[in-house]
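Participant: Protein chains in written order, with the numbering used here: chain A, 1 to 462; chain B, 463 to 624.
We put the CB at the ideal spot given by N, CA and C, even for glycine.
1) How many whole angstroms separate the CB atoms of residue 568(B) and residue 547(B), which I take to be in contact at a CB cut-off of 8 Å?
2) Using 8 Å for Cβ pairs, my map puts residue 405(A) next to residue 374(A). What's the rounded Cβ distance?
3) Of all the alpha helix (DSSP H) runs that stay within the bounds of the stretch 159 to 205 of chain A, which reach a length of 4 or more residues?
4) What does DSSP give as the partner residues of residue 552(B) in its beta bridges?
5) At the 9 Å Cβ level, is residue 113(A) part of the contact set with chain B, yes or no?
6) Report the three-state DSSP secondary structure of residue 97(A) (helix, strand or coil).
7) Alpha carbon to alpha carbon, how far is residue 206(A) from residue 195(A)?
8) Assuming residue 463(A) is part of the alpha helix (DSSP H), what are its boundary residues?
9) Closer than 9 Å, CB to CB, is residue 54(A) near chain B or not?
10) Quick one: what's got a C-beta closer than 7 Å to residue 451(A)'s C-beta in the same chain, skipping five residues either side?
11) Can you find a CB in chain A that lies within less than 9 Å of the CB of residue 605(B)?
12) Please go through the same chain and pick out, in chain order, the residues whose beta-carbon is closer than 6 Å to the beta-carbon of residue 73(A), but skip the five residues on each side of it.
13) Can the beta-carbon of residue 333(A) be found less than 9 Å from the beta-carbon of residue 273(A)?
14) Name the chain A residues whose beta carbon is nearer than 8 Å to that of residue 576(B)?
15) Can you tell me which of 248(A), 295(A), 232(A) puts its alpha carbon nearest to the alpha carbon of residue 434(A)?
16) Could you give the DSSP three-state label for residue 498(B): helix, strand or coil?
17) Tell me, please, whether the stretch 257 to 269 of chain A touches the stretch 292 to 311 of chain A by the rule of three or more beta-carbon pairs shorter than 8 Å.
18) Which bits of chain B does residue 46(A) rub up against, with CB to CB less than 9 Å?
19) Pull up the CB-CB distance for residue 377(A) and residue 357(A), whole angstroms please, since I reckon it's below 8 Å.
20) Return no unless some Cβ of chain B is closer than 9 Å to the Cβ of residue 35(A).
21) What are the boundary residues of the beta strand (DSSP E) that includes residue 239(A)?
22) Determine the extent of the alpha helix (DSSP H) in which residue 82(A) is found, giving its start and end residues.
23) Please look up how many angstroms separate the CB atoms of residue 347(A) and residue 427(A), rounded, as I've assumed it's under 8 Å.
24) List the whole-angstrom C-beta distance separating residue 565(B) from residue 550(B), where the pair is believed to meet the contact cut-off of C-beta under 8 Å.
25) For residue 585(B) and residue 552(B), what's the separation of their Cα atoms in angstroms?
26) Could you tell me how far apart the beta carbons of residue 351(A) and residue 431(A) are, in whole angstroms, since I believe they sit closer than 8 Å?
27) According to the Cβ coordinates, are residue 46(A) and residue 479(B) closer than 9 Å?
28) Answer with yes or no whether the minimum CB distance from residue 573(B) to chain A is below 9 Å.
29) Do residue 84(A) and residue 109(A) come within 9 Å of each other at the CB atom, strictly closer than that value?
30) Is there contact between the stretch 166 to 184 of chain A and the stretch 123 to 132 of chain A, where contact requires at least three CB pairs shorter than 8 Å?
31) Does any residue of chain B have a CB that is nearer than 9 Å to the CB of residue 203(A)?
32) Decide if the stretch 278 to 297 of chain A is in contact with the stretch 325 to 344 of chain A; the criterion is three or more beta carbon pairs, one per stretch, under 8 Å apart.
33) What distance in whole Å lies between the Cβ atoms of residue 75(A) and residue 122(A), which are believed to be in contact at a cut-off of 8 Å?
34) Cutting at 8 Å between CB atoms, please list the residues of its own chain near residue 183(A), excluding the five before and the five after it.
35) Using 10 angstroms around the beta-carbon of residue 516(B), count the other beta-carbons present and answer buried if the total reaches 16, otherwise exposed.
36) To which residues does DSSP link residue 335(A) through a beta bridge?
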């Protein structure tokens, strides 16, 4: 008979006894696959760069507007190719997630994000100028001609406006002022924009008109990207949610503003989750069902139980403290590469800021016995050190050391960690906490001589 | 570093690959090259400068029925129109315009090429019907129609037609 309640003090005998854990372990990062993907991406980029060079002749460059036309085609092609890569990244294909390692696919998605929008905007401007030069008319009147008389240009214009709006609200200064879930909903319209813009690409693009092979390859590439999104963002989450049928069984406060939610589900022993990973959680209540939020699993599954620990920072996470027992929960994931499999060396240092302790808590469970981990918990006040007792227990089992750094930022310097951990440069360092905390801690660790490949970070956004 | 290198060399491979597949840059591609829709003609005329208006030849094509006089042809001026350049070759027999062929068609991109190829047959039949360049311009192909008319007119001038 299973334990009737979730036992936070219980240290699983060994993660290997859970089939799901074995599966998670089997899929560690693979360097060969990584370079293979990089090669495919590079060849694609080369093809896209080459296309505008072969679709015409040099004489076309000398026709009025020819040069702007060429640049406009080139920027459009590169921008759209980068958008394609971003869609593939947004599919969060598990294989890619593991491969890309630190920060995961979303990190790359964010880093790429400005480029497609800037390039596609440039494409629109350049081509309007090109056609105006060719037709010897004004740019504004030519804009009217292009939008009104060229095929599929009305939808493409709508798509461009959507892209620019999404780009603007994603600028950091703007984005931080918009509630995350509202931003996310608007940002979803990017899929609509990409669909709306597709027709004009193949009907008007100089590289596509009269080049059936190019048209076909381009269409197939986009269909594959769309399929990845449908499978991994919709299909797989629905399948997992239906299979595990998670329900809230217990909600209890863990510290000031911090709540633990214990869920019960079926087949959790087959859930391929590693310590340190997170799910996107969707609580099926009338007010919350439409939004999904990322929360780290704060203890590896103890079938039939699973626990998350949440700090009330937004409307949603504050509302979670009031969630009713029996609420059904859908999940998407698990995501994240802040796991034992990212480890390169035998010894680790874990630095957790505030509620970042959740990821460290679950990650510790995956560490082998006698791995002697050093854990540093950072908090402003003593009562903010949530789950500290559980961490202490886990560290003791692994013959490690736990340090608590409590006090305001002026009282406690991260650099004091060098004294606590003299061999920091020979350890893998895992940092988890708020974005600002992770930034500071990563800067500290780099300065203390930790190699980039030995540094692992997970930031939760507020 | 190794990552950037991998990405860069893969990009080069893709780039060189597609260029190699399509042949060197200077070689005109089949679609948007200067297109001559006229069939190969042993006595082609050259787009003569204005100082040499008598670039007329005796055509080897059979004259149209109803006219016994030998047909003459000339290539009109190369007109820069909205989305490219075109020159039209006109053939006349006596007082009749009997033939219109596209001598040169350059466009900046293939969409315009397609549009022009749609518009040109219509313009041709209009000129043949009107027996002159007083044609109603096509909606949505104003520039094309204008350039067509100008090029045809210049060819007619060269032939001292009417």
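Facilitator: Judging by the given coordinates:
1) Counting from one through the second chain, the residue named residue 568(B) turns up at place 106. Counting from one through the second chain, the residue named residue 547(B) turns up at place 85. At roughly 4 Å, the Cβ-Cβ gap stays under 8 Å, so residue 568(B) and residue 547(B) are in contact.
2) The residue you call residue 405(A) lines up with position 405 of the first chain. The residue you call residue 374(A) lines up with position 374 of the first chain. That belief does not hold up - the Cβ atoms of residue 405(A) and residue 374(A) are roughly 12 Å apart, past 8 Å.
3) The alpha helix (DSSP H) runs of length 4 or more contained entirely in the stretch 159 to 205 of chain A are, from start to end of the chain, 172 to 175, 180 to 204.
4) Residue numbering aside, residue 552(B) sits at position 90 when the second chain is read from its first letter. Per DSSP, the beta bridge partners of residue 552(B) are 536(B), 562(B).
5) Indexing the first chain from 1 puts residue 113(A) at position 113. In terms of beta-carbon proximity, residue 113(A) stays away from the interface with chain B, with every pair separated by 9 Å or more.
6) Reading the first chain from its first residue, position 97 is the one you call residue 97(A). Helix, per DSSP.
7) Your numbering for residue 206(A) matches position 206 in the first chain. Your numbering for residue 195(A) matches position 195 in the first chain. Cα to Cα, residue 206(A) sits roughly 19 Å from residue 195(A).
8) Past the boundaries of the shown model lies residue 463(A); chain A is included only from 1 to 462, so the question cannot be answered.
9) Taking the first chain and counting its residues from 1, one reaches residue 54(A) at position 54. Chain B contact via Cβ: present.
10) Looking up residue 451(A) in the first chain gives position 451. Excluding positions up to five away in sequence, the list is empty.
11) Locating residue 605(B) in the second chain gives position 143, counting from the first residue. Judged by the 9 Å Cβ criterion, residue 605(B) is in contact with chain A.
12) Counted from its first residue, the first chain places residue 73(A) at position 73. Excluding sequence neighbours, residue 73(A) sits near 52, 206.
13) Translated into positions along the first chain, residue 333(A) becomes position 333. Translated into positions along the first chain, residue 273(A) becomes position 273. Taking a C-beta distance under 9 Å as the contact criterion, residue 333(A) and residue 273(A) qualify as a contact pair.
14) By one-based count along the second chain, residue 576(B) stands at place 114. Within chain A, the C-beta atoms nearer than 8 Å to that of residue 576(B) come from 209, 210, in chain order.
15) Numbered from its first residue, the first chain carries residue 434(A) at position 434. It is 295(A) whose Cα lies nearest to the Cα of residue 434(A).
16) The residue you call residue 498(B) lines up with position 36 of the second chain. Per-residue confidence for residue 498(B) stands at a pLDDT of 37, beneath the threshold of 50, marking its modelled position as unreliable; the derived number appears in the next sentence. Of the three classes helix, strand and coil, the one that applies to residue 498(B) here is coil, per DSSP.
17) Yes: at least three Cβ pairs fall under 8 Å.
18) The residue given as residue 46(A) occupies position 46 in the first chain. Going along chain B in sequence order, the residues near residue 46(A) (Cβ under 9 Å) are 472, 473, 474, 475, 476, 477, 478, 479, 480.
19) Residue mapping note: residue 377(A) aligns to position 377 of the first chain, counting from 1. Residue mapping note: residue 357(A) aligns to position 357 of the first chain, counting from 1. Confirmed, about 6 Å.
20) Looking up residue 35(A) in the first chain gives position 35. Output row for residue 35(A): interface = yes.
21) Taking the first chain and counting its residues from 1, one reaches residue 239(A) at position 239. For residue 239(A), there is no enclosing beta strand (DSSP E); the enclosing alpha helix (DSSP H) covers residues 236 to 244.
22) One-based indexing of the first chain puts residue 82(A) at position 82. Its alpha helix (DSSP H) spans residues 66 to 90.
23) Mapped onto the first chain, residue 347(A) falls at position 347. Mapped onto the first chain, residue 427(A) falls at position 427. In this structure, residue 347(A) and residue 427(A) form a Cβ contact; the two beta carbons are roughly 5 Å apart against a cut-off of 8 Å.
24) The residue given as residue 565(B) occupies position 103 in the second chain. The residue given as residue 550(B) occupies position 88 in the second chain. Going by Cβ atoms, the distance from residue 565(B) to residue 550(B) rounds to 6 Å, so yes, they are a contact pair.
25) Taking the second chain and counting its residues from 1, one reaches residue 585(B) at position 123. Taking the second chain and counting its residues from 1, one reaches residue 552(B) at position 90. Between residue 585(B) and residue 552(B), the alpha-carbon positions lie close to 13 Å from each other.
26) Sequence index remark: in the first chain, residue 351(A) carries index 351 (1-based). Sequence index remark: in the first chain, residue 431(A) carries index 431 (1-based). About 5 Å separates the two Cβ atoms, so the contact holds.
27) Along the first chain, one-based indexing puts residue 46(A) at 46. Along the second chain, one-based indexing puts residue 479(B) at 17. Here residue 46(A) is near residue 479(B), since their CB atoms are less than 9 Å apart.
28) Position 111 of the second chain, counted from the start, is the residue given in the question as residue 573(B). Any Cβ of chain A closer than 9 Å to the Cβ of residue 573(B) would place that residue at the interface, and such an atom is present.
29) Translated into the one-based positions of the first chain, residue 109(A) becomes position 109. Translated into the one-based positions of the first chain, residue 84(A) becomes position 84. Not closer than 9 Å, so no.
30) Judged by Cβ distances under 8 Å, the stretch 166 to 184 of chain A makes no contact with the stretch 123 to 132 of chain A, as fewer than three pairs qualify.
31) Stepping through the first chain from its first residue, residue 203(A) is reached at position 203. Chain B, which has a Cβ nearer than 9 Å to the Cβ of residue 203(A), makes this yes.
32) Pairwise C-beta distances place the stretch 278 to 297 of chain A in contact with the stretch 325 to 344 of chain A, as three or more of them are shorter than 8 Å.
33) Reading the first chain from its first residue, position 122 is the one you call residue 122(A). Reading the first chain from its first residue, position 75 is the one you call residue 75(A). Yes, residue 122(A) and residue 75(A) are in contact; Cβ-Cβ is about 5 Å, under 8 Å.
34) Here residue 183(A) is taken as the residue at index 183 of the first chain, counted from 1. For residue 183(A), where only same-chain residues beyond five positions count, the Cβ hits under 8 Å are 169, 170, 175.
35) Counted from its first residue, the second chain places residue 516(B) at position 54. Here residue 516(B) scores only 35 on pLDDT, less than 50, and its place in the model should not be relied on; the value that follows carries that caveat. It counts as exposed.
36) To locate residue 335(A), count along the first chain from 1; it is residue 335. 278(A), per the DSSP bridge assignment.
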